[in-house]
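Report on the following structure.
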Amino acid sequence: MMKSGKWLLALALLLLGSAIGLFAGMVIGGAVNAGKWFNLSPWLLWGVPAAKIAFEIAQALTIGGLVFMAFALSPKSPAFSRALSFIAFAAAVWAISGTAYLFLTYLTISGGLFSLDNTFFDQFWIFLTAIELGQLVSLNVLAAYLLALVVLLIRNLTSVILAAMLGLASLIPMAFSGHAAGSSSHALAVNALGLHLLGICIWVGGLAALMISYRQDPRADLVKRYSSLALFSIGLVAISGISSAQIRIGTLENYLTTGYGQVTLLKTTMLILLAGFGFIYRTRFIEKLNERAAGFWKLVTLEFLIFGAAMGLGTALARTANPVSDYPSGDLTPAEILTGAKLPAEPGAWSWLTVWELDLLWTLICLALAGFYVVGVLRLLRRGDTWPIARTISWVSGVLLLFYVTSGYFNVYEQYLFSAHMLSHMLLTMGVPVLLVPGAPVTLIARAAIKRSDDSRGLREWVLWAVNTKYAQVLANPLVAAFLFASSLVVFYFTPIFGWATREHLGHQWMIVHFVITGYLFVQALVGVDPGPARLGYPQRLMLLIGTLAFHAFFGLAIMNGQTLLLPDWFGAMGRTWGPTPLEDQQIGGAIAWGIGEIPTAILTLYVAISWSKSDQREAKRLDRASDRSGNQDVAEYNEWLERINKGK
Ligand code: HEM
């Protein structure tokens, strides 16, 4: 049985580690000199990062705790309410330390003079509501206040996962802050920091919630479930950390010779140490937990010291000048002013295959979508079940297409060419779903993922819960899906959403998700194998398809014949020195929407027609079998009826 003080010792070591890491990082990285350069009082020099590290630790304990509860704990577990009280406390600390961080940051920016007069608080309010850093962190801290209240009201797993989603969403504004805000590789920097914070929260907060829960509910299952979360997190933290570091450090020499580089190397050492802990747990403790619990928890307690040190170093790193400047220098071209990056070279015949710019987030999503699917299929085959190979090929091809659209030619050119943007749109909303839907992922998860027996919810339970919610049932309704699919075209291009999705990184990510999901729901409603709301008959499905086809055509023609630019201050101001004029390029985009957009729709029409004839054949066979079983009684009755008609009765 784990002793009560163990968790408090772990928390103390986490705080001690973070203090040591922060101090070492500020000194080695050189951020400590900011005091001299900006005439900062020691209070502010150390107060701001100290408030930040307290805020990041409490944020991790809250969000990671909620994710752990959602995936590991049963609402009937004796630890359920205890874990909730711990998370409510952590959320309150997050809110208060976040407010302190905001206040001290404002004092730093405004010259450090606090006063009680209105001007001070008016200025502070402007910082919170009109200055990007203030706005971003305020959004995060507001979520903390909300969670500190909401968590106290939680009574079931559904509200746990909704609270976890709010917590995870609150990391998005933090991903846009700090060095990522300016960075010339803005998209990659933001994605990397966001994924980094996500991995850290689940890893650190999950372990803390496990420790709290295990005292009341000492089951090895909880440790195993956390261990899967930890494996996912370490991968995320490592990949995102290295990507972030690469943007800001650039050369190997900079790793060794600059303060920023040296602090990053220290952090890498911490990560390797933490990976060592994970390896020892998996090889020496998890399968023999009952006999070795004491040793296991001793190691876990010590691990918090390393976690703290890595987090302290990370916070110091965010305050350290990085070798590769965040801002493009010299005279900026229109393309650099608009996109933060240079205009790419004119695309050549092979550019479709040779030009790539990896999108870290979508690369990891595609790896997960393909990886989990293949693992699921292998699990079925290993236990002697079958799974149509066509489904696997279709799913993996869909994921490969999604990867190509989000990291290949289109990820490089769609900001500069409307036609490239439109083609990527068509592939995301039609091409990818037409390949993914036949993969029947929900059916695979329902059959391959291990079913929980203690009322807790794992991947299988949450996916089945999600597809059966009223909300999902409404969205998956064929008419609603068709409306969303078709109307998205007009709403997206003829409202400010198009500008937001083109200029803003968050808008761009939202666009990809929206197009893929609306396309998926539409294709699923027409030809999906997975369970869903009542299906339309085949004739109605074909009508729906033809209707959508027509809508697409009108939309394409409208753009093709349009004489005004949809985004003149973007495509018209890009200063592109090659290719068609912005208007010609937009008209080509219209032709693509009309032409290319129809190909997947034609494939779908064929698919529906084939499924229709197949279902007719199945029906005919069923009727034949029923007739055979009844000794062709139906044929006899039918002939009797014909006879009666003949006789005019
Ligand atoms: C391969 C190992 C790692 C590398 C290369 C790495 C790299 C980075 C980089 C480049 C940043 C961005 C700093 C900035 O804004 O300039 C960062 C931030 C951060 N990292 Fe890591 N990291 C690693 C592992 C870890 C681990 C294991 C933890 C803790 C468990 C961690 C905690 C943090 C934190 C808390 C931030 C803070 C960001 C902020 O205050 O905005 N990192 N890391």
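Going left to right, the sequence shown walks through residues 153 to 801 as this note's numbering numbers them. Note that beta-carbon positions come from the ideal geometry of N, C-alpha and C, so glycine has one too.
Let me confirm a value: residue i is counted as buried when at least 16 other C-beta atoms fall within 10 Å, else exposed. Which label applies?
{"i": "Ile209", "result": "buried"}
{"i": "Ala296", "result": "buried"}
{"i": "Asp737", "result": "buried"}
{"i": "Tyr623", "result": "exposed"}
{"i": "Arg609", "result": "buried"}
{"i": "Asp369", "result": "buried"}
{"i": "Glu455", "result": "buried"}
{"i": "Met574", "result": "buried"}
{"i": "Gly263", "result": "exposed"}
{"i": "Arg377", "result": "buried"}
{"i": "Leu505", "result": "exposed"}
{"i": "Ala344", "result": "buried"}
{"i": "Lys799", "result": "exposed"}
{"i": "Pro585", "result": "buried"}
{"i": "Glu789", "result": "exposed"}
{"i": "Lys766", "result": "exposed"}
{"i": "Gly358", "result": "buried"}
{"i": "Pro691", "result": "exposed"}
{"i": "Arg693", "result": "buried"}
{"i": "Asn191", "result": "exposed"}
{"i": "Asn563", "result": "buried"}
{"i": "Thr729", "result": "exposed"}
{"i": "Glu498", "result": "exposed"}
{"i": "Met695", "result": "exposed"}
{"i": "Thr670", "result": "buried"}
Would you give the residue range spanned by the alpha helix (DSSP H) that residue i belongs to?
{"i": "Thr700", "result": "Tyr690 to Asn713"}
{"i": "Thr485", "result": "Note, Thr485: premise wrong, no alpha helix (DSSP H); not H, not E."}
{"i": "Gln287", "result": "Glu284 to Leu305"}
{"i": "Asn629", "result": "Unbroken run through Asn629: none, as it is neither H nor E."}
{"i": "Ser329", "result": "Counting along the chain, Ser329 falls outside any alpha helix (DSSP H), and DSSP gives it neither H nor E."}
{"i": "Trp617", "result": "Leu611 to Asn620"}
{"i": "Phe266", "result": "Neither: Phe266 is in no alpha helix (DSSP H) and is coded neither H nor E."}
{"i": "Glu125", "result": "Nothing can be reported for residue 125, as the shown portion of the chain is limited to 153 through 801."}
{"i": "Met726", "result": "That residue, Met726, is in no alpha helix (DSSP H); it is neither H nor E in DSSP."}
{"i": "Cys518", "result": "Leu512 to Arg534"}
{"i": "Glu736", "result": "Pro734 to Gly747"}
{"i": "Arg436", "result": "Taken as a continuous stretch (DSSP letters only), Arg436 belongs to no alpha helix (DSSP H), as it is neither H nor E."}
{"i": "Met178", "result": "Gly157 to Gly181"}
{"i": "Arg400", "result": "Ala372 to Ile401"}
{"i": "Tyr366", "result": "Gly358 to Gln368"}
{"i": "Glu771", "result": "Glu750 to Arg781"}
Among the residues of its own chain, which have a CB less than 6 Å from the CB of residue i, if the five just before and after it don't count?
{"i": "Thr753", "result": "Leu701"}
{"i": "Gly680", "result": "Val589"}
{"i": "Ala429", "result": "The amino acid at residue 429 is misidentified as Ala; the sequence shows Phe. Closer than 6 Å at Cβ, skipping near neighbours: Glu455."}
{"i": "Trp662", "result": "none"}
{"i": "Thr416", "result": "Ala397"}
Grab me the residues of residue i's own chain with a C-beta within less than 7 Å of its C-beta, minus the 5 sequence neighbours each way, in chain order.
{"i": "Val303", "result": "Leu236, Ile239, Ala240, Ala243 and Ala315"}
{"i": "Gly597", "result": "The sequence given here has Ile at residue 597, not Gly. Around Ile597: Gly528, Leu611, Arg612 and Val615."}
{"i": "Ile172", "result": "Ala461 and Gly464"}
{"i": "Val551", "result": "Cys518, Leu521 and Ala522"}
{"i": "Leu196", "result": "Leu256, Leu259, Thr260 and Gly264"}
{"i": "Val293", "result": "Ala247, Gly250, Thr251 and Leu254"}
{"i": "Asp786", "result": "Ser779"}
{"i": "Thr515", "result": "Phe555 and Ser559"}
{"i": "Phe644", "result": "Phe650"}
{"i": "Val626", "result": "Val632"}
What residues in its chain sit with their C-beta under 8 Å from that of residue i, if we drop five residues either side in the sequence?
{"i": "Leu532", "result": "Thr538, Trp539, Leu596, Arg599 and Ala600"}
{"i": "Met153", "result": "Note that Met153 scores 49 on pLDDT, short of 50, meaning its location in the model is unreliable and no value can be drawn from it."}
{"i": "Ser311", "result": "Val302 and Leu305"}
{"i": "Ser763", "result": "Val679 and Tyr690"}
{"i": "Leu469", "result": "Gly177, Gly181, Tyr412, Val415, Thr416 and Lys419"}
Is residue i close to chain D, meaning its C-beta is less than 7 Å from at least one C-beta of that chain?
{"i": "Leu673", "result": "No chain D appears in the structure shown, which is made up of a single protein chain."}
Can we count residue i as close to the ligand ZN, meaning its CB is less than 6 Å from some heavy atom?
{"i": "Glu208", "result": "No copy of the ligand ZN occurs in the structure displayed; its ligands are the ligand HEM alone."}
ask   = If you pair each beta-carbon of the stretch 506-518 with each one of the stretch 549-560, do three or more pairs fall below 8 Å?
value = As far as the Cβ criterion goes, the stretch 506-518 touches the stretch 549-560, which means the pair count is three or higher.
ask   = Are there three or more Cβ pairs, one per stretch, closer than 8 Å when the stretch 403-423 is compared with the stretch 434-441?
value = The stretch 403-423, when compared against the stretch 434-441, does not touch it at the 8 Å Cβ threshold.
ask   = How about the stretch 680-696 and the stretch 627-635: do they share at least three Cβ pairs that are nearer than 8 Å?
value = Taking a contact to require three or more Cβ pairs closer than 8 Å, the stretch 680-696 and the stretch 627-635 qualify as touching.
query = Touch check for the stretch 210-220 and the stretch 278-288: three-plus C-beta pairs under 8 Å?
reply = No: fewer than three Cβ pairs fall under 8 Å.
query = Below 8 Å, can you find three or more Cβ-Cβ pairs linking the stretch 372-392 to the stretch 223-230?
reply = With a cut-off of 8 Å, the stretch 223-230 and the stretch 372-392 count as touching, because enough Cβ pairs lie within range.
key: Stretch pair the stretch 703-710 + the stretch 767-776: three plus CB contacts closer than 8 Å   = No: fewer than three Cβ pairs fall under 8 Å.
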